[in-house]
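*Asks:* Residue 21 is where the sequence shown starts when you use my numbering, and the numbers rise one by one after that.
Heads up, the beta-carbon is just placed ideally off N, CA and C, and yes, glycines get one too.
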Amino acid sequence: MRRQQIIDNLKNGLKTLDVANGGFVKNFYEWVINPHEVESYPIIVIRDTEDNVESEEVSGSSKHSLKIEVDLLVSDANTTPAYLREKLLEILSVIKNLEEQTLLGDYVSFKSNEIEFSYDKHLVGLGKIEIEIIYYTEKWGI
21 MRRQQIIDNL KNGLKTLDVA NGGFVKNFYE WVINPHEVES YPIIVIRDTE
71 DNVESEEVSG SSKHSLKIEV DLLVSDANTT PAYLREKLLE ILSVIKNLEE
121 QTLLGDYVSF KSNEIEFSYD KHLVGLGKIE IEIIYYTEKW GI
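(1) Can you give the Cα-Cα distance for Trp51 and Asp28, rounded to whole angstroms?
(2) Using 10 angstroms around the beta-carbon of His142, count the other beta-carbons present and answer buried if the total reaches 16, otherwise exposed.
(3) Taking the straight line between their C-alpha atoms, what separation do you get for Lys159 and Leu37?
(4) By alpha-carbon positions, which one of Tyr155, Tyr139, Lys107 ends up nearest to Val45?
(5) Helix, strand or coil for Tyr155, going by three-state DSSP, please let me know.
(6) DSSP three-state call for Thr36: helix, strand or coil?
(7) Which of helix, strand or coil does DSSP assign to Lys31?
(8) For the putative contact between Leu112 and Phe130, defined by C-beta atoms under 8 Å, what is the C-beta separation to the nearest angstrom?
The following block contains the structure:
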């Protein structure tokens with residue numbers, strides 16, 4: 021299943037940013053549903069939100085346009101817009117390296133990034149990156 025391979029490769033690539041590897045992220049999740057305590061931050065959450073598919077009649081293959089969101093949640097003394105921008109750039113660098121190694125698909129496009137802040141007992145910063153990955157499978161594959 022190519023879609024799961026792409027997500028696994030992205031998650032494993034982003035783990036180079038783990039605190040244990042000298043990075044800044046404590047935990048990594050795929051489609052986290054329950055909110056986490058801020059003590060577990062910074063965390064990265066990966067979600068594959070939409071896959072638009074075009075089946076090709078002649079070749080019998082399907083072209084996929086997979087949308088993926090990568091969220092970074094932080095809550096500490098470094099919760100500033102400048103800090104989030106810096107860390108989003110580090111995440112984008114990992115994604116770029118994975119694309120160059122062709123571990124994510126046939127083409128990766130950087131769609132957007134955004135920053136938000138909220139306060140409920142603690143200041144929480146959210147940095148979000150959206151990418152789109154183009155890849156091909158057999159007609160009925162994902």
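*Replies:* In this structure, then:
(1) Distance between the alpha carbons of Trp51 and Asp28 is about 12 Å.
(2) Taking all protein chains in view, the Cβ of His142 is surrounded by fewer than 16 other Cβ atoms within 10 Å, so the residue is classified as exposed.
(3) C-alpha separation (whole angstroms): 36 Å.
(4) Selected option, being the one with the closest Cα: Lys107.
(5) Reduced to three states, the DSSP call for Tyr155 is strand.
(6) Annotated three-state conformation of Thr36 is helix, per DSSP.
(7) Lys31: helix per DSSP, three-state reduction.
(8) Right, the Cβ-Cβ distance comes to about 7 Å (below 8 Å), so this counts as a contact.
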